[in-house]
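Number 25 in my numbering belongs to position 25 of the sequence shown; there are no gaps in the numbering.
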Amino acid sequence: MTLTEKVCRKILAASFSDLPRDAVLVPAALAVCERVGASGPDLILAYATGFEMIARLGRELLPGHYEHGWHSTSALGVMGAAASAGKILGPAPSRISGQ
Numbered sequence: 001m002t003l004t005e006k007v008c009r010k011i012l013a014a015s016f017s018d019l020p021r022d023a024v025l026v027p028a029a030l031a032v033c034e035r036v037g038a039s040g041p042d043l044i045l046a047y048a049t050g051f052e053m054i055a056r057l058g059r060e061l062l063p064g065h066y067e068h069g070w071h072s073t074s075a076l077g078v079m080g081a082a083a084s085a086g087k088i089l090g091p092a093p094s095r096i097s098g099q
């Protein structure tokens with residue numbers, strides 16, 4: 001079992017209400033780091049990038065976003081996960097889009 005699989009299992013076993021950002025950021029950042037052979041410091045920087053993305057979006061959109069039926073983990077978390085992966089992959093759009 002890979003490190004990514006172990007971490008994902010632990011996160012899925014935890015309460016998502018306790019770890020909403022981690023539930024989306026950690027698996028995404030770990031999977032991309034593992035795929036490209038990135039370092040531990042790269043993983044931390046990617047996590048921080050995704051965390052900041054979620055925080056900035058949340059500051060602008062909440063609480064109205066939530067009041068209209070959107071849950072921030074699913075709606076904003078995907079943007080944070082993409083930012084985390086993009087930080088690891090680099091600025092080239094072709095690397096992020098997979099083309």
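Ideal placement from N, C-alpha and C gives every residue a C-beta, glycine not left out.
### Query
Taking one C-beta from the stretch 19-30 and one from the stretch 59-67 each time, how about it: are there three or more such pairs within less than 8 Å?
Between the stretch 19-30 and the stretch 59-67, the count of C-beta pairs closer than 8 Å stays below three; the two stretches do not touch.
### Query
Alpha carbon to alpha carbon, what distance is there between T49 and A75?
For the purposes of this step, residue 75 is taken as residue 75 along the sequence shown, with counting starting at 1. For the purposes of this step, residue 49 is taken as residue 49 along the sequence shown, with counting starting at 1. If you take the alpha carbons of A75 and T49, they lie about 17 Å apart.
### Task
Please classify L30: does DSSP put it in a helix, a strand, or coil?
For this step, residue 30 is matched to residue 30 along the sequence shown. Correct three-state label for L30: helix.
### Terminal residues of the alpha helix (DSSP H) in which P41 lies
Position 41 of the sequence shown, counted from the first residue, corresponds to residue 41. Where P41 is concerned, the enclosing alpha helix (DSSP H) stretches over 40-61.
### Message
Tell me the rounded alpha-carbon separation between E34 and S72.
### Response
Your numbering for residue 34 matches position 34 in the sequence shown. Your numbering for residue 72 matches position 72 in the sequence shown. Cα to Cα, the separation comes out at about 27 Å.
### Query
Since A82 is in the alpha helix (DSSP H), which residue starts that stretch and which ends it?
Here residue 82 refers to the residue found at position 82 when the sequence shown is read from its first residue. It spans 72-89 - the alpha helix (DSSP H) in which A82 sits, taken as one unbroken run.
### Message
For the ligand HEM, I want to know if G69 counts as a neighbour, meaning its beta carbon is within less than 7 Å of at least one of the ligand's heavy atoms.
### Response
As for the ligand HEM, it is missing from this structure, which has no ligand bound.
### Query
Count the other CB atoms within 10 Å of the CB of M53; is the residue buried (16 or more) or exposed (fewer)?
Here residue 53 refers to the residue found at position 53 of the sequence shown. Classification of M53: buried, given that the 10 Å Cβ count is 16 or more.
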